[in-house]
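For reference, the structure discussed in these notes is given below.
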Amino acid sequence: MTEYLFLFHSTLGVVKTRRALQAAGAEFRVTDIPRQLRSGCGLCVWIICPEEGYQVWVMAGLTQSVYRVEGEQWKCIATYPSG
Numbered sequence: 037m038t039e040y041l042f043l044f045h046s047t048l049g050v051v052k053t054r055r056a057l058q059a060a061g062a063e064f065r066v067t068d069i070p071r072q073l074r075s076g077c078g079l080c081v082w083i084i085c086p087e088e089g090y091q092v093w094v095m096a097g098l099t100q101s102v103y104r105v106e107g108e109q110w111k112c113i114a115t116y117p118s119g
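Residues 37 to 119 in this note's numbering are what the sequence shown spells out, letter by letter.
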């Protein structure tokens, strides 16, 4: 399993992603965006899923970027345009 950090263009993205994850019974948490990655709405969603399984949770127009957690570092693996 791999941990991913999702950033969003607005709080609406956080809310919709959280609802979808809860409905699916997925493991996740919502926190403030780490200081090193400040952008977007100020909140992020951490998701633990199989490698490349993060793509299921990308919401067009709402997800800003996805980072893979590598120890104490974050590697940006995808960015998306706003709606």
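Even for Gly, the Cβ is constructed at its ideal location relative to N, Cα and C. Just so you know, these numbers come straight off a predicted model, no measurement behind them.
Output yes or no for whether 7 angstroms exceeds the beta carbon distance between Thr38 and Glu108.
-> Judged by their CB atoms, Thr38 and Glu108 are not nearer to each other than the 7 angstroms cut-off.
Evaluate Gly49 with the Cβ neighbour count: other Cβ atoms within 10 Å of its Cβ, from every protein chain shown; 16 or more gives buried, anything less gives exposed.
-> When all chains shown are included, Gly49 counts as buried.
Look at the alpha carbon of Leu73 and the alpha carbon of Ala59, and state the distance between them as a whole number of angstroms.
-> C-alpha separation (whole angstroms): 28 angstroms.
Figure out for me which residue from Ala114, Tyr40, Gly89 and Thr53 has the closest Cα to the Cα of Pro70.
-> Relative to Pro70, the option among Ala114, Tyr40, Gly89 and Thr53 whose CA is nearest is Tyr40.
If you count every other CB in all the chains shown that lies within 10 Å of the CB of Thr115, and 16 or more means buried, which is it?
-> Burial call: exposed.
Within the stretch 50-116, note down every full beta strand (DSSP E) run reaching 3 residues or more, in order along the chain.
-> Correct list: 64-68, 79-85, 99-106 and 109-115.
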